[in-house]
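Numbering (the numbering used here), first residue to last: 128 to 558.
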């Protein structure tokens, strides 16, 4: 197993997940990062975790990507090109222009994708050379867009995109049912039916032991939901929106909140990560500290280890992941990467048949999918016209007369990371 971006503060949770899965015959876990300090601190902490548990596998640390990829069975990508400093710039790019400033949504998501896609495609090319049978499991944000790029420009590599949002929604509903009704059902007995893009999806079914509980879940949503969608919206849709749809449905409120920055979310994360790295450096620490919960990413390790376990041990379980829908949704383009329930076993990942979304949802989804395809075209070819069109098309993008201004700001802010847009400039490696 190789983790690209192994110096992430999330990595100890992932290692903990593998320690709790003895049914996965893991021999070596390679952590690769090009930040020596983070690799030393995070890697050293994970090695102490293994020593304390008497682990059957070893953790190896490297700054050489090819060394990590050589002979891997599974590769997890969790990198952030430019680190949280670049994420902060993405957020303030939106704020400067009166637009949503967010890591994966709107102009910030486009900027992040432009930096990230070329690096991930390089990884895929090396992986095909060094471990052609490996699975590439992408957590790198914007996860759906990056996975779309992998499917279109590295189809020779088996890849899938993961996000913790669906499993978080599922577990939140289960905790609510336990609190209200005393039902203590394991997650394996529950099924969440959702459809859409990553960070732009709708949950339209929830069942427990095959019993449909969606009407009850919708009626009780205010008691457990992250967002106050309002009764009118929930009644009109008959579905629960993914939390990131707040930026589309409540744009004015989110823009108003940005006026109170600093701190933006990236600045909060920078503070949390600094504290986590100090804790990880403590030689007495041998298990993930409670402060890790502040970082977000709940159930990240659960999701990753469950998926790998299904692929390796032929379990045939259903998980919500990002893959080309392959005709599972009639009348929609088969090559679109969607976030939807799939059967996962040793043969691969098979999307389950799904009814198309209603027009009120599909219209937004189709528009954002066009933005994704234009952004990929821009990232791969350094295509400024495609970038202009992506910004123009995005529902959260700038007005037509301001697209050029936003485009130039984005490119100048990210110039060290976008050599394809600036001939003769060198790219900075991923963080």
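Positions of the beta carbon are idealized from the N, C-alpha and C atoms, including for glycine.
Asked: Alpha-carbon spacing of residue 555 relative to residue 396, whole angstroms; Found: Since pLDDT at residue 555 reaches only 41, below the 50 mark, its modelled position is unreliable, and the value read off the structure follows with that caveat. Taking the straight line from one Cα to the other gives about 22 Å.
Asked: 8 Å Cβ cutoff met for residue 393 and residue 542; Found: no
Asked: Where residue 469 falls: helix, strand or coil (DSSP); Found: strand
Asked: Delimiting residues of the beta strand (DSSP E) encompassing residue 205; Found: Note, residue 205: premise wrong, no beta strand (DSSP E); not H, not E.
Asked: Outcome for residue 350 when other beta-carbon atoms lying within 10 angstroms are tallied against a minimum of 16; Found: exposed
Asked: For residue 427, the three-state DSSP class (helix, strand or coil); Found: helix
Asked: Which residues DSSP lists as bridging residue 131, in chain order; Found: 159 and 204
Asked: Whole-Å CB distance - residue 462 paired with residue 451, under 8 Å assumed; Found: 5 Å
Asked: Residues sharing a beta bridge with residue 329, DSSP; Found: 322 and 368
Asked: N- and C-terminal bounds of the beta strand (DSSP E) containing residue 187; Found: 185-189
Asked: Buried or exposed (CB count within 10 angstroms, at least 16 for buried), residue 369; Found: buried
Asked: Nearest neighbour of residue 182, chosen from 193, 201, 165 and 156 [CA to CA]; Found: 156
Asked: Supposed contact pair residue 476 and residue 287 - C-beta distance, whole angstroms, cut 8 Å; Found: 6 Å
Asked: Own chain residues within Cβ distance below 8 Å of residue 355, not counting five before or after; Found: 349
Asked: Chain-order list of residues whose beta-carbon lies under 6 Å from that of residue 305 (same chain, five-residue window excluded); Found: 311
Asked: Nearest candidate by alpha-carbon position, reference residue 267, set 259, 248 and 282; Found: 248
Asked: Inter-residue Cα distance where the pair is residue 455 and residue 513; Found: 29 Å
Asked: Separation of residue 252 from residue 281, as counted between CA atoms; Found: 7 Å
Asked: Nonlocal neighbours in the same chain, by C-beta distance under 7 Å from residue 483, ignoring five residues either side; Found: 456, 457, 458, 459 and 489
Asked: Inside the segment 201-241 only - beta strand (DSSP E) runs reaching at least 3 residues; Found: 201-204
Asked: Three-state secondary structure assigned by DSSP to residue 481; Found: coil
Asked: For residue 410 and residue 321, the rounded distance between their alpha carbons; Found: 43 Å
Asked: The beta strand (DSSP E) enclosing residue 139, as first and last residue numbers; Found: Residue 139 -> not in any beta strand (DSSP E); alpha helix (DSSP H) instead, spanning 138-146.
Asked: Neighbourhood of residue 352 by C-beta, 8 Å cutoff - its chain only, sequence neighbours within 5 removed; Found: 299 and 367
Asked: Pair within 8 Å by beta-carbon distance, residue 403 and residue 422; Found: yes
Asked: Heavy atom of the ligand COA within 7 Å of residue 489 beta-carbon; Found: Among the components modelled here there is no ligand, and therefore nothing to report on the ligand COA.
Asked: The segment 442-449 contacting the segment 201-208, beta-carbon criterion three pairs below 8 Å; Found: no
Asked: Inter-residue CB distance, residue 257 and residue 193 (contact presumed, cutoff 8 Å); Found: 6 Å
Asked: Inter-residue spacing [alpha-carbon to alpha-carbon] between residue 534 and residue 524; Found: 11 Å
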